[in-house]
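Undergrad:
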Amino acid sequence: MTELVTKSTLLDQAQIARVMRRMAGEVVERNNGIDKLMLIGIRTRGVPLADAMVREIERVEGARPLEGILDITLYRDDLSTIAPQPVVKESKLPEPIDGCTVVLCDDVLYTGRTIRAAMDALMDYGRPKTVQLAVLVDRGHRELPIHADFVGEKVRTSDSEVIKVSFMDTDGVEEVKLLDRV
Amino acid sequence: MAEGHWSAKHLLGIAELEANDITSILDTAESFREVASRPIKKVPTLRGKTVLNVFFESSTRTRSSFEIAEKRMSADAINFSTSTSSLSKGESMLDTARNLEAMAPDVLVIRHPHPRVPHQLAGLIDSSIVNAGDGAHEHPTQALLDAFTIRRHKGTLEGLRVAIVGDIEHSRVVRSNVLLLRKMGASVVVAGPRTMMPRHAEALGAEVAYRVEDALEGADVVMMLRIQLERQGNSGSQLLLPSTDEYFHLFGLSAERLALAKDDAIVLHPGPMNRGVEITSEVADGARSVILEQVANGLAVRMAVLYLLAGVA
Numbered sequence: 014m015t016e017l018v019t020k021s022t023l024l025d026q027a028q029i030a031r032v033m034r035r036m037a038g039e040v041v042e043r044n045n046g047i048d049k050l051m052l053i054g055i056r057t058r059g060v061p062l063a064d065a066m067v068r069e070i071e072r073v074e075g076a077r078p079l080e081g082i083l084d085i086t087l088y089r090d091d092l093s094t095i096a097p098q099p100v101v102k103e104s105k106l107p108e109p110i111d112g113c114t115v116v117l118c119d120d121v122l123y124t125g126r127t128i129r130a131a132m133d134a135l136m137d138y139g140r141p142k143t144v145q146l147a148v149l150v151d152r153g154h155r156e157l158p159i160h161a162d163f164v165g166e167k168v169r170t171s172d173s174e175v176i177k178v179s180f181m182d183t184d185g186v187e188e189v190k191l192l193d194r195v
Numbered sequence: 242m243a244e245g246h247w248s249a250k251h252l253l254g255i256a257e258l259e260a261n262d263i264t265s266i267l268d269t270a271e272s273f274r275e276v277a278s279r280p281i282k283k284v285p286t287l288r289g290k291t292v293l294n295v296f297f298e299s300s301t302r303t304r305s306s307f308e309i310a311e312k313r314m315s316a317d318a319i320n321f322s323t324s325t326s327s328l329s330k331g332e333s334m335l336d337t338a339r340n341l342e343a344m345a346p347d348v349l350v351i352r353h354p355h356p357r358v359p360h361q362l363a364g365l366i367d368s369s370i371v372n373a374g375d376g377a378h379e380h381p382t383q384a385l386l387d388a389f390t391i392r393r394h395k396g397t398l399e400g401l402r403v404a405i406v407g408d409i410e411h412s413r414v415v416r417s418n419v420l421l422l423r424k425m426g427a428s429v430v431v432a433g434p435r436t437m438m439p440r441h442a443e444a445l446g447a448e449v450a451y452r453v454e455d456a457l458e459g460a461d462v463v464m465m466l467r468i469q470l471e472r473q474g475n476s477g478s479q480l481l482l483p484s485t486d487e488y489f490h491l492f493g494l495s496a497e498r499l500a501l502a503k504d505d506a507i508v509l510h511p512g513p514m515n516r517g518v519e520i521t522s523e524v525a526d527g528a529r530s531v532i533l534e535q536v537a538n539g540l541a542v543r544m545a546v547l548y549l550l551a552g553v554a
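First to last, the protein sequences are chains E and X. Mapping the first sequence onto this note's numbering, position 52 (from 1) lands on 65, and the numbers just tick up by one. Mapping the second sequence onto this note's numbering, position 214 (from 1) lands on 455, and the numbers just tick up by one.
Structure (structure tokens):
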């Protein structure tokens, strides 16, 4: 049994807030406003990220972009290799995504497989105009040709290391930590 | 990682499940309801898996429900029924089982007129087995979809009073429902003619009433069973009812009788209904009826079961 030990805190609560504010600004800048803009959080920890960015955009722009939640469990490529089955939760999209600019939000970008699954899931809901990707941490080690459009923090990691993102809503504390197996 | 998830190779009956397994299946089904509201009502989860629906007894809705659920999960669904199977050509059960296994299905959904055939098959072949009704024994997915429908309306099953009216002795739906409802903390009262009541009905864990009024009094949920007219007075079967009129007169659910139940009581029926025998059209089509919701919920529940089994298959 390997144990995980904290090596360092990559972002504290204040830094996370600043990073998310910056990303929210970049999303609006890149898309020239919030017309047909939908931020979709990937369960579990993409949801608070999308939520925080939506609130920040509303604060600055004076209007709220669309917000959704995507559960990608049924689209995972490893379902036949894990048991018991992971818990499936509902996806919630506020309206049809056809013609929307969708920004997928997730906490950590690693192999890219979650994003592949999310894109497949998204296409079953319709035909968005564009799909962009926002992640709080990009830790490298991609296994698929996927990159993020908006990145909070880029971190060089080794395979054995683990990035642990905690949000107030899901974990009661807000921080990003780098852990390693010993 | 798994939050106390139900994980098993087979779904043979409610008897084999614990209360938290049932909750886990119902919670998963909640998530699958959403798939039905999408423009593309299909997820790739069971891609490349083969599901055989083997029905040794006629069924339209259960088989169709399983088939749609399987197709929405992207499984390859193949149907066998008695008329096309070799059983009518004299093949033994074991040979049939071996033949089915040779096709290497991941899941076998089976309905059979004899009790515990699914349980026997589970010991003989490698596939996951889902019991879609075995004689008068169990019909677990029906009980799960009934529970799911009740829970959606009442928020919980605990503390509810559920009245089940009809042919109690010959119903697998009753058996599975009583087992499930008791495990989830509901109380059950069964009512029906003496000819349709098992000698030891209390052993099921339910209260017994011979007057439908006694069962309906204060009920949160009323579940009407189908009177199997095709089994009344056929060669070899006993005549259990003097007439359908008399049955309606004594046990049929009319608006007047439904008024005995709680004001917010809901009405379920596993289908197909005999209007004017066990239920009036006024009640069947009324505001308290959730009969069509049961059909829609059946899809979500069966998708959930297939999903959870596939983790072990």
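The beta carbon of each residue, even a glycine, is placed where N, CA and C say it ideally should be.
1. Between residue 119 of chain E and chain X, is any beta-carbon pair separated by less than 7 Å?
2. Which parts of the segment 24-49 of chain E are runs of the beta strand (DSSP E), unbroken and 3 residues or longer, counting only runs that do not cross its ends?
3. Does DSSP put residue 224 of chain X in a helix, a strand or coil?
4. What's the call for residue 22 of chain E, buried or exposed, on a 16-neighbour Cβ count within 10 Å?
5. Answer with yes or no whether the minimum CB distance from residue 101 of chain E to chain X is below 7 Å.
6. Do we get a CB-CB distance below 7 Å when we pair residue 534 of chain X with the residues of chain E?
7. So that I know if they touch, is there some Cβ in chain X lying closer than 7 Å to that of residue 137 of chain E?
8. Any beta carbon from chain X within less than 7 Å of residue 97 of chain E's own beta carbon?
9. When you compare the CB of residue 185 of chain E with every CB in chain X, is at least one pair closer than 7 Å?
10. Kindly confirm or deny that the segment 306-317 of chain X and the segment 543-552 of chain X touch, where touching means at least three C-beta pairs closer than 8 Å.
11. Answer yes or no: the CB of residue 437 of chain X versus the heavy atoms of the ligand COA, is any distance below 6 Å?
12. Please check if any C-beta of chain B sits within less than 7 Å of the C-beta of residue 337 of chain X.
13. Going straight from the alpha carbon of residue 526 of chain X to that of residue 499 of chain X, what length do you get?
14. When you compare the CB of residue 382 of chain X with every CB in chain E, is at least one pair closer than 7 Å?
15. Look up residue 370 of chain X in the DSSP assignment and give the residues it is bridged to.
16. Within 7 Å (strictly less), CB to CB, does residue 272 of chain X reach chain E?
17. Enumerate in chain order the residues of its own chain whose CB-to-CB distance from residue 71 of chain E is below 8 Å, with the five nearest sequence positions on each side excluded.
18. Taking 7 Å as the threshold (C-beta atoms), are residue 112 of chain E and residue 142 of chain E in contact?
19. Mind the definition here: the segment 417-432 of chain X touches the segment 259-271 of chain X only if three or more C-beta pairs lie below 8 Å; say whether that holds.
20. Scan the segment 268-294 of chain X for residues whose Cβ lies nearer than 9 Å to a Cβ of chain E and list them as they occur along the chain.
21. Taking the straight line between their C-alpha atoms, what separation do you get for residue 105 of chain E and residue 25 of chain E?
22. With a threshold of 7 Å between beta carbons, is residue 369 of chain X in contact with chain E?
23. What is the DSSP secondary structure of residue 100 of chain E, reduced to helix, strand or coil?
24. With a cut-off of 7 Å, does the C-beta of residue 79 of chain E fall near any C-beta of chain X?
25. How would you list, in chain order, the residues of chain X whose beta-carbon sits under 8 Å from the beta-carbon of residue 123 of chain E?
26. Express the C-alpha separation of residue 146 of chain E and residue 74 of chain E in angstroms, rounding to a whole number.
27. What residue does the beta strand (DSSP E) around residue 296 of chain X start on, and which one ends it?
28. So is residue 394 of chain X in contact with chain E if we call contact Cβ pairs under 7 Å?
29. Under the assumption that residue 524 of chain X contacts residue 494 of chain X (Cβ atoms under 8 Å), give the Cβ distance between them as a whole number of angstroms.
30. Please look up how many angstroms separate the CB atoms of residue 131 of chain E and residue 55 of chain E, rounded, as I've assumed it's under 8 Å.
31. Expressed to the nearest angstrom, what Euclidean distance is found between the alpha-carbon atoms of residue 40 of chain E and residue 149 of chain E?
32. Return the residue from the list X/368, X/483, X/306 and X/456 that minimises the CA-CA distance to residue 277 of chain X.
33. Are the Cβ atoms of residue 174 of chain E and residue 193 of chain E separated by less than 7 Å?
34. Check whether the Cβ atoms of residue 433 of chain X and residue 407 of chain X sit closer than 7 Å, and answer yes or no.
35. Could you tell me which of X/490, X/386, X/381 and X/448 sits nearest to residue 417 of chain X, measuring between CA atoms?
TA: Judging by the given coordinates:
1. no
2. none
3. This structure cannot speak to residue 224 of chain X, because chain X is shown only from 242 to 554.
4. exposed
5. Taking Cβ atoms only, chain X reaches closer than 7 Å to residue 101 of chain E, which makes this a yes.
6. no
7. yes
8. yes
9. It does not: the Cβ of residue 185 of chain E has no partner Cβ on chain X nearer than 7 Å.
10. yes
11. Annotation note on the ligand COA: not contained in the displayed structure, which lists no ligands.
12. No chain B is part of this structure, whose protein chains are labelled E and X.
13. 13 Å
14. no
15. X/349
16. Answer yes: the Cβ-Cβ gap between residue 272 of chain X and chain E drops below 7 Å somewhere.
17. 77 and 78
18. yes
19. yes
20. 268, 269, 271, 272, 273, 274, 275, 276, 279, 280, 281, 282, 283, 284, 285, 286, 287, 289 and 290
21. 30 Å
22. no
23. In the structure shown, residue 100 of chain E sits in coil (DSSP, three-state: anything other than H, G, I, E or B).
24. It does not: the Cβ of residue 79 of chain E has no partner Cβ on chain X nearer than 7 Å.
25. Correct list: empty, because the minimum Cβ distance to chain X is about 16 Å.
26. 21 Å
27. 291-296
28. no
29. 5 Å
30. 5 Å
31. 13 Å
32. Selected option, being the one with the closest Cα: X/306.
33. yes
34. yes
35. From the listed residues X/490, X/386, X/381 and X/448, the smallest Cα separation to residue 417 of chain X is found for X/381.
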